[in-house]
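Taking it in order: structure first as structure tokens, then the write-up.
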């Protein structure tokens, strides 16, 4: 319907429009965002790209923004609700990470108990964090009421990944100097050090850190292996 072949805009083998890191197509002065580029077909991803695109079209040439898809969250608004960002435990291990996991259930906090959740209930919700041995957050997952809301703070933390020793930090377009707060950038430490409003479901996520356990952490020639 678009007849993009007549415009000079390039598509891939599946028909999606090719874009670069600035959301520019192969044809000057034509940009593309949203489902048409075939990348992460979520409305919130399109909203993010729209902001980048508007900046790059109307803003100064030397202040162009790059898209970053390293932390793309999603949620499924079913019953129970599901929220997700980053790697699962299995994906982290497959990619060579030595990890900790932290799991906390709704039934373990006052708000969850007040909502009717009890330990060992089949529908007891939970939050699960996947953490590298360096304490960098690799993933956050939630199942239960308001799962998308509980995962969102970890999206912010995972995007705070500009550390002092990042070799490409000076070259990162739009990098905020606040992101150079070593060594906590991108880690769980801000959660660990923070107060959590009581009684609220935020305690499910915030207090998960206290249940962190090693999965495959190697220490002094030994490796800790735990079941899921």
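In the numbering used here, the protein residues as written are 165 to 392.
From the three backbone atoms N, C-alpha and C, an ideal C-beta is built for every residue, glycine too.
Note that this is a predicted model, so its numbers are computed, not measured.
Checklist entry - Is the segment 252-264 close to the segment 294-303, with three or more CB pairs under 8 Å? => result yes
Checklist entry - Going by other Cβ atoms of all chains shown within 10 Å of its Cβ, with 16 needed for buried, is residue 363 buried or exposed? => result Translated into positions along the chain shown, residue 363 becomes position 199. A residue is called buried when at least 16 other Cβ atoms come within 10 angstroms of its Cβ; residue 363 does not meet this threshold and is exposed.
Next on the checklist: Let me check one thing: in DSSP terms, what residues is residue 241 bridge-paired to?
Outcome noted: Here residue 241 refers to the residue found at position 77 of the chain shown. According to DSSP, residue 241 bridges with nothing at all.
Item to check | First and last residue of the uninterrupted alpha helix (DSSP H) at residue 321 | outcome: Here residue 321 refers to the residue found at position 157 of the chain shown. 311-323 is the extent of the alpha helix (DSSP H) around residue 321.
Next on the checklist: I'd like to know whether the C-beta atoms of residue 304 and residue 313 end up nearer to each other than 8 Å.
Outcome noted: Indexing the chain shown from 1 puts residue 304 at position 140. Indexing the chain shown from 1 puts residue 313 at position 149. Against a cut-off of 8 Å, the Cβ pair of residue 313 and residue 304 comes out as no contact.
Item to check | Beta-carbon contacts of residue 310 that lie in its chain and below 8 Å, excluding the five residues immediately before and after | outcome: Locating residue 310 in the chain shown gives position 146, counting from the first residue. Result list for residue 310: 245, 365, in chain order.
Checklist entry - What separation, rounded to the nearest whole angstrom, lies between the Cα atoms of residue 355 and residue 220? => result Here residue 355 refers to the residue found at position 191 of the chain shown. Here residue 220 refers to the residue found at position 56 of the chain shown. Answer to the nearest angstrom: the Cα atoms are 34 Å apart.
Item to check | Reduced DSSP category for residue 167 - H, G, I as helix; E, B as strand; rest coil | outcome: Position 3 of the chain shown, counted from the start, is the residue given in the question as residue 167. Residue 167: coil per DSSP, three-state reduction.
Next on the checklist: Alpha carbons only, please: which of 190, 183, 238 is nearest the one belonging to residue 213?
Outcome noted: Locating residue 213 in the chain shown gives position 49, counting from the first residue. Among 190, 183, 238, the Cα nearest to that of residue 213 belongs to 183.
Checklist entry - residue 264 by DSSP, collapsed to three states: which one? => result Within the chain shown, numbered from 1, the residue matching residue 264 stands at position 100. DSSP places residue 264 in strand when its eight states are reduced to three.
Checklist entry - Among residues of its own chain, excluding the 5 on either side of residue 268, which ones have a beta-carbon nearer than 6 Å to its beta-carbon? => result In the chain shown, counting from the first residue as 1, residue 268 sits at position 104. The residues are 291, 368, 371, 372, 375.
Checklist entry - If residue 171 and residue 191 are in contact, beta carbons under 8 Å, what's the gap, nearest whole angstrom? => result Mapped onto the chain shown, residue 171 falls at position 7. Mapped onto the chain shown, residue 191 falls at position 27. Cβ-Cβ separation between residue 171 and residue 191: approximately 6 Å, consistent with a contact (criterion under 8 Å).
Checklist entry - Cβ atoms of residue 247 and residue 239: under 8 Å apart, would you say? => result By 1-based counting over the chain shown, the position of residue 239 is 75. By 1-based counting over the chain shown, the position of residue 247 is 83. Yes, the Cβ-Cβ distance between residue 239 and residue 247 is below 8 Å.
Checklist entry - Distance, Cα to Cα, residue 286 vs residue 318? => result Walking along the chain shown from the start, residue 286 turns up at place 122. Walking along the chain shown from the start, residue 318 turns up at place 154. Distance between the alpha carbons of residue 286 and residue 318: 26 Å.
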